[in-house]
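All remarks here apply to the structure that follows.
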Amino acid sequence: MEALSVVVIGSSPTVDSLRLLGFEVVRVPEKLGKAEEDEVVAKILESRVALVESEVYASVAERLRQVMSFVKEPPLLVVIPSSEKASTRRLEELYNKLSMALGVRLRWAKKEE
341 MEALSVVVIG SSPTVDSLRL LGFEVVRVPE KLGKAEEDEV VAKILESRVA LVESEVYASV
401 AERLRQVMSF VKEPPLLVVI PSSEKASTRR LEELYNKLSM ALGVRLRWAK KEE
């Protein structure tokens, strides 16, 4: 059985704590250049599970979409919030994709806090 490879990619120091769980942690700069984007995408594709901070994901999302469509067994991609931002835009992205797939604009019920 193949070992489960989990990689955590982020720019904030909080991702370092996930090293305690045995995950490989890759720290990247806040602003990614082309070379860093290539490195992040390659790291995601060579793992089975990738936890990616939302800001990093936003930088590589389009490139990942293009590449993942050709991958036979894509990794599980989990977008995690950074310590500076408590939420991600992933739910909104999924909402838009579901609305497009169904051909109707779904209702969006946001919780009042």
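For the sequence shown, our numbering begins at 341 and goes up steadily by one.
Even glycine gets a Cβ: it sits at the ideal position worked out from N, Cα and C.
In this text the structure is predicted, and so the values were computed from the model without any measurement.
Going by DSSP, what residue range makes up the beta strand (DSSP E) through E377?
Segment K374 to L385 is the alpha helix (DSSP H) holding E377; no beta strand (DSSP E) there.
Report back the beta-carbon spacing between V365 and V392 to the nearest angstrom; my notes put them in contact at under 8 Å.
Incorrect: roughly 12 Å between the Cβ atoms, too far for contact.
How is L417 classed by DSSP in three states: helix, strand or coil?
L417: strand per DSSP, three-state reduction.
Let's see if you can read the secondary structure: which residues bound the beta strand (DSSP E) around L391?
Run containing L391: V389 to E393, per the beta strand (DSSP E) assignment.
Can you tell me whether V411 is buried or exposed? The criterion is at least 16 other CB atoms within 10 Å of its CB, across all chains shown.
With fewer than 16 Cβ atoms within 10 Å of its Cβ, V411 is classed as exposed.
Taking G350 as part of the beta strand (DSSP E), name the residues at either end of that continuous run.
Boundaries of the beta strand (DSSP E) around G350: V346 to G350.
Could you tell me the boundaries of the beta strand (DSSP E) in which R367 lies?
According to the DSSP assignment, R367 belongs to the beta strand (DSSP E) that extends over E364 to R367.
Suppose you measure from the CA of R403 to the CA of G443; what does that come to, to the nearest Å?
Spanning the two alpha carbons is a distance of roughly 25 Å.
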